[in-house]
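**Student:** Residue numbers for the sequence shown follow the working numbering, beginning at -19 and rising by one.
Even for Gly, the Cβ is constructed at its ideal location relative to N, Cα and C.
Owing to the predicted nature of the structure, the values given are computational and were not obtained by experimental measurement.
Below you'll find the structure I mean.
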Amino acid sequence: MSIDDDVALLERVPTLRLLGDASLRMLAIGSEQRDFVRGDILFNLGDDADAGFVVQRGAFRVDDGAGAEMIAGPGTLIGELALVVPMKRPSGAVALEHSSVIRVARSLFQRVLESDPAAAVRLRDEFAIRSSQIASDILMAGAKLST
-19 MSIDDDVALL
-9 ERVPTLRLLG
1 DASLRMLAIG
11 SEQRDFVRGD
21 ILFNLGDDAD
31 AGFVVQRGAF
41 RVDDGAGAEM
51 IAGPGTLIGE
61 LALVVPMKRP
71 SGAVALEHSS
81 VIRVARSLFQ
91 RVLESDPAAA
101 VRLRDEFAIR
111 SSQIASDILM
121 AGAKLST
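This is the structure we're talking about:
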């Protein structure tokens, strides 16, 4: 895939779209592509998380080890929080078929944000909105359970 193809893919990811064209181009240029065959492990539950992965093609099963799982297909960002904070992987991911990802290292993502403060503010605002929505959802669920 070309850099322009990678930029177009990154632009499909709602979180990354907030960064704008110049920042997406920097991410595309600085990231690496990785290929997987069916059964290959993208990462394991508990691994150190130092990158996020955007699925280019194929699909991955993401499983938290407690029964919750999702299928991540093209255009999906796996490991979003790893782009902004050091953490352990709260899930594992396995390729379901021949697949490829764009690996976005946290260090690269942080350099991009440092070079584009307006993009960093947009991203911060989006995370704040999401956090507020999650807190609201938890309060509503708690209220329903206590009635």
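Under the three-state reduction of DSSP, which class applies to Glu60: helix, strand or coil?
**Tutor:** To locate residue 60, count along the sequence shown from 1; it is residue 80. Three-state result, Glu60: helix.
**Student:** In angstroms with no decimal places, state the Cα-to-Cα distance between Leu61 and Lys124.
**Tutor:** The residue you call residue 61 lines up with position 81 of the sequence shown. The residue you call residue 124 lines up with position 144 of the sequence shown. Going from the Cα of Leu61 to the Cα of Lys124 covers about 29 Å.
**Student:** What is the DSSP secondary structure of Glu128, reduced to helix, strand or coil?
**Tutor:** What the structure shows of the chain is the stretch from -19 to 127, and residue 128 is not part of that stretch, so it cannot be assessed.
**Student:** Between Ala75 and Phe33, is the Cβ-Cβ spacing less than 8 Å?
**Tutor:** As a working mapping, residue 75 is identified with position 95 in the sequence shown. As a working mapping, residue 33 is identified with position 53 in the sequence shown. No, the Cβ-Cβ distance between Ala75 and Phe33 is not below 8 Å.
**Student:** Among Leu63, Gly55, Ser80, Pro70, which residue has its Cα nearest to the Cα of Gly19?
**Tutor:** Taking the sequence shown and counting its residues from 1, the one referred to as residue 19 is at position 39. Per the Cα distances, Ser80.
**Student:** Measuring alpha carbon to alpha carbon, tell me which residue in Gln90, Asp43, Val84, Pro97 is nearest Arg69.
**Tutor:** Here residue 69 refers to the residue found at position 89 when the sequence shown is read from its first residue. Of Gln90, Asp43, Val84, Pro97, the residue nearest in Cα terms is Asp43.
**Student:** Determine the DSSP secondary structure at Arg(-8), reduced to helix, strand or coil.
**Tutor:** Counted from its first residue, the sequence shown places residue -8 at position 12. Reduced to three states, the DSSP call for Arg(-8) is coil.
**Student:** Compute the Euclidean distance between the alpha carbons of Asp96 and Ala121, then round it to the nearest angstrom.
**Tutor:** Walking along the sequence shown from the start, residue 96 turns up at place 116. Walking along the sequence shown from the start, residue 121 turns up at place 141. Using only the alpha carbons, I get a separation of about 38 Å.
**Student:** What does Met67 pair with, by DSSP beta-bridge criteria?
**Tutor:** Along the sequence shown, one-based indexing puts residue 67 at 87. For Met67, which the question treats as bridged, DSSP gives the partners Ala29.
**Student:** So, helix, strand or coil for Leu4, using DSSP?
**Tutor:** Translated into the one-based positions of the sequence shown, residue 4 becomes position 24. Here Leu4 sits in helix by DSSP.
**Student:** Between the segment 80 to 90 and the segment 20 to 32, can you find at least three pairs of beta-carbon atoms closer than 8 Å?
**Tutor:** The answer is yes - the segment 80 to 90 touches the segment 20 to 32, with three or more Cβ pairs under 8 Å.
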